[in-house]
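Undergrad: Numbering (numbering that gives the first Met the number 0), first residue to last: 0 to 641.
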Amino acid sequence: MSAAASRYPSLHARSIADPEGFWREAARAIDWIEEGARVFDPALGIYGRWFPGWTTNVCHNAVDRHAEGGRGGQPAIFYDSPVAGAQRSVTYAELKDEVSLLAGVLRELGVGKGDRVVIYMPMIPEAVFAMLACARIGAVHSVVFGGFAAAELASRIEDAQPKVVLSASCGIEPSRLVQYKPLLDLALTMAKHRPEACLIFQRPQVEAKLVAGRDHDWATRCAQARAAGTRADCVPVEATDPLYILYTSGTTGKPKGVVRDSGGYMVALRWSMEGLYDVRPGEVYWSASDIGWVVGHSYIIYAPLLTGCTTVLYEGKPVGTPDAGAFWRVIEQYKVAALFTAPTALRAIKKEDPKGRLMGAYDRSSLRTLFLAGERADPDTVEWAKARLGVPVVDHWWQTERGWAIAGNPVGLGALPIRVGSTGVPMPGYQVDILDEGGHPVGPDRMGSIAIKLPLPPGCLPTLWRQDERFRESYLVDFPGYYKTADAGFTDANGQLFIMGRTDDIINVAGHRLSTGGMEEVLAAHADVAECAVIGIHDELKGEVPCGFVVLKAGVARSPADIEAEIVALVRERIGPVAAFRLAITVNRLPKTRSGKILRGTMKKIADAEPWNMPATIDDPAALDEIAAALGARGLAKVTAA
Ligand code: COA
Ligand code: AMP
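Here's what the structure looks like:
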């Protein structure tokens, strides 16, 4: 289709020229208790607020309105867990029953509007009930991904100060059971904040020990509530009230608490389901992500349910559970119309089944589009998927700070001819500019910092949790009038966006966002380490993996190999297995500029076998040769200075 035949150009132009009119119209798809006079007030909040004075309830829109509006018997959730050997379908009527019951239990535990609830759970239906139960009573949930270690959970508990923590006895990884309860107990000894209660869902695989006086058994409390007829109804909240806090990596070890509001988020998500993903009420939508990530919040839970779709909750991997045909089996079984996953998942499948033999074994005729996000989609993988699957493959650009895509190919408006390698065009309300160091827009095909003109559209973060100043400093100070995305890239002459990498120390490992600064804090805490640098190096499967260089303190006589093994274990213990930190290399010194800045960028180029130039300000050029030699000794560096 040509750009002219798509509704996108006029629609995007209108969203910029008349944002209030555009989003007021989109807001008609949402049930409101009261509508405010204005759609956007630039005088409120840090850069303005969407839908001030509008009241609503997110759980009503995601659950009750469908349960009562003719979709009660339609599945809301298809839970599919090859790792637990379980499958379950939950209708909208059953979802309402479960969520109102659990919301009643939360009430009994003292949770009210505005209170925070930390949810540390695997991909099971109860985790979805938990999030929706919070939304029902106006509590603010904060989901913590299961692959994080106790210390990361502790820092989130300390920041969010939850009244109650919801958890389960275990998560199931193909290679092991992840016992959540000991991690939670440890986190609660580390955090200064003490929640009043923990509600623990016992899975059959592991029975968690409950702490008397603090821990409650989920099933018992729900059974008691059911017998007593305890339920909680949807409470009205302001559209500007927070629905959740989701922590993401910043440039230090202290994660950023991204705040998501209630009203603008619903409006943007609901628009995106039809406009971007081309999915209608009643259809099956599958986001093969995790509820611990933003994509899981938005596209496993809220967007499909707000739209009256059936969402697939898949507790498994793309490969190994049991094989590289798992995704295609799920598509056939549930008649999935759109699949959203990370390129790394496709690379894993391609590696195991390059000819797509297992793909051919399943009926994929329901699938109309495959969406990719979370990391750069390499053209090889995109072309492979397109050719094998025979459906359009749409790469779209995401960040946790936004609850939905910044750019993509709006298939629902009529797909645009997007070049492979591009993440498409800005979504409605997003005005994306490429800026030079002085903050001036550059022309097409020129690399720069990618910035979004303020105000951000609905669905984006209004601030960081109780850290307005950090929000301003992180995102708004560098380019006045803009929001700094910390991604670098360019647009072509047709306005298509190309994302080339981060401008900060964030790396992307198997679609997971991680801070190398946070890892350096862990390395530096080892008693024998004098200084260190962590960089992300190219990996065929995961896109990037972290690699740590350490200089040992003078006089340390222990074997470097032992220390390296301890460092690897330390990162796993402090940050978690999700960091995938397996490579620590001891060197005599780190390459630095004359002013003492570590040359991480050049080190990365050496490791990635990319051509590099000797930095003019380098203190001693031989230090880079030493890095190349150290990497070479591990079979990692191939190219020398240009
Ligand atoms: N709970 C506990 N541990 C977890 C976990 C969870 N929810 N998720 C991952 N881990 C662990 C893994 O078991 C692994 O542990 P190990 O070191 O003991 O093997 C470690 O964290 C690293 O995991 P990962 O980087 O995911 O590697 P993997 O080899 O297990 O799997 C892929 C590789 C590509 C199959 C997998 O990363 C994947 O499916 N990625 C897609 C990610 C995605 O969808 N992201 C969302 C963006 S939209
Ligand atoms: P997260 O906040 O975990 O969603 O990670 C956001 C970061 O992932 C972005 O800043 C990008 O660097 C990267 N990213 C997300 N989607 C894409 C994409 N489609 N192409 C390239 N990079 C992406």
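Ideal placement from N, C-alpha and C gives every residue a C-beta, glycine not left out.
Bear in mind that the values here come from a model prediction, so they are computed numbers and not experimental data.
Using 8 Å as the threshold, is the C-beta distance between A560 and W270 below it?
TA: no
Undergrad: Have a look at the DSSP bridge pairing and note the partners of C459.
TA: R401
Undergrad: For K180, verify whether its CB is less than 7 Å away from any heavy atom of the ligand COA.
TA: no
Undergrad: Helix, strand or coil for G389, going by three-state DSSP, please let me know.
TA: coil
Undergrad: Taking K541 as the reference, give the member of D527, R512 and L569 with the closest Cα.
TA: When only C-alpha atoms are compared, the closest one is R512.
Undergrad: Could you check what DSSP says for S448 in three-state terms: helix, strand or coil?
TA: S448: strand per DSSP, three-state reduction.
Undergrad: Under 7 Å: does the beta carbon of I300 sit that close to some heavy atom of the ligand AMP?
TA: For the ligand AMP, no non-hydrogen atom lies closer than 7 Å to the CB of I300.
Undergrad: P74 lies in the beta strand (DSSP E); which residues open and close that run?
TA: P74 to S80
Undergrad: With 16 as the cutoff for other CB atoms within 10 Å, does D435 come out buried or exposed?
TA: Under this definition D435 is an exposed residue.
Undergrad: Could you check the C-alpha separation between G142 and A132 for me, to the nearest Å?
TA: Looking at the sequence itself, residue 142 is Val, so the reference to Gly does not match. Taking the straight line from one Cα to the other gives about 13 Å.
Undergrad: If I'm right that T343 touches G510 with Cβ under 8 Å, what's the distance once you round it to whole angstroms?
TA: 5 Å
Undergrad: Any heavy atom of the ligand COA closer than 7 Å to the beta-carbon of P456?
TA: no
Undergrad: Return yes when at least one heavy atom of the ligand AMP lies under 7 Å from the C-beta of G373, else no.
TA: yes
Undergrad: Suppose contacts are defined by Cβ-Cβ distances below 8 Å. Is L187 in contact with W217 by that definition?
TA: no
Undergrad: Could you tell me which residues DSSP pairs with R115 in its beta bridges?
TA: V139
Undergrad: Can you have a look at E314 and say buried or exposed, based on whether 16 or more other CB atoms are within 10 angstroms of its CB?
TA: So E314 ends up on the buried side.
Undergrad: Roughly how many angstroms separate the alpha carbons of A641 and V335, rounded to a whole number?
TA: Unreliable positioning characterises A641 in this predicted model, as indicated by a pLDDT of 43, which lies under 50. A coordinate reading is not provided.
Undergrad: Mind checking whether the beta-carbon of D289 lies closer than 7 Å to any heavy atom of the ligand COA?
TA: Short note on D289: C-beta closer than 7 Å to some heavy atom of the ligand COA.
Undergrad: Going by DSSP in three states, P425 sits in which element: helix, strand or coil?
TA: strand
Undergrad: Does the distance from the CB of E331 to the CB of R363 come in under 8 Å?
TA: yes
Undergrad: Check whether the Cβ of P620 sits closer than 7 Å to any heavy atom of the ligand COA, and report yes or no.
TA: Relative to the ligand COA, the beta carbon of P620 is positioned no closer than 7 Å to any heavy atom.
Undergrad: Between the Cα of R571 and the Cα atoms of I244, G517, G111 and I417, which residue gives the shortest distance?
TA: Nearest C-alpha to R571 among I244, G517, G111 and I417: G517.
Undergrad: If we call anything under 8 Å between Cβ atoms a contact, is Y301 one with S286?
TA: no
Undergrad: Please determine whether the Cβ atom of A509 lies at a distance below 7 Å from any heavy atom of the ligand AMP.
TA: no
Undergrad: Could you pull out every unbroken beta strand (DSSP E) segment of at least 3 residues lying fully inside the region 255 to 329, listed in chain order?
TA: 255 to 260, 283 to 286 and 309 to 313
Undergrad: From what residue to what residue does the alpha helix (DSSP H) around P241 run?
TA: No alpha helix (DSSP H) contains P241, which is instead part of the beta strand (DSSP E) from P241 to T247.
Undergrad: Since T483 is in the beta strand (DSSP E), which residue starts that stretch and which ends it?
TA: Correcting the residue identity first, residue 483 is Lys in this sequence and not Thr. Residues Y481 to T490.
Undergrad: From V476 to A148, what distance separates their C-alpha atoms?
TA: 33 Å
Undergrad: Compute the Euclidean distance between the alpha carbons of P203 and S594, then round it to the nearest angstrom.
TA: 58 Å
Undergrad: Quick check on DSSP: helix, strand or coil for P161?
TA: coil
Undergrad: Apart from the five residues just before and just after V234, which ones in its own chain have a Cβ nearer than 8 Å to its Cβ?
TA: Closer than 8 Å at the Cβ level, and outside the excluded window around V234, lie N56, K112, R135, I136 and G137.
Undergrad: Select from E33, R70 and G44 the residue whose C-alpha is nearest the C-alpha of G52.
TA: E33
Undergrad: Compare the beta carbon distance of V431 and I449 with 8 Å and say whether it is the shorter of the two.
TA: yes
Undergrad: In chain order, what residues of the same chain lie with their CB nearer than 7 Å to the CB of A126, ignoring the 5 residues before and after it?
TA: I118, M120 and I290
Undergrad: Bridge partners of P18, per DSSP?
TA: None; P18 has no bridge partner.
Undergrad: Can you list, in chain order, the stretches of the alpha helix (DSSP H) that have 4 or more residues and sit fully within the region 142 to 229?
TA: 149 to 159, 179 to 189 and 217 to 227
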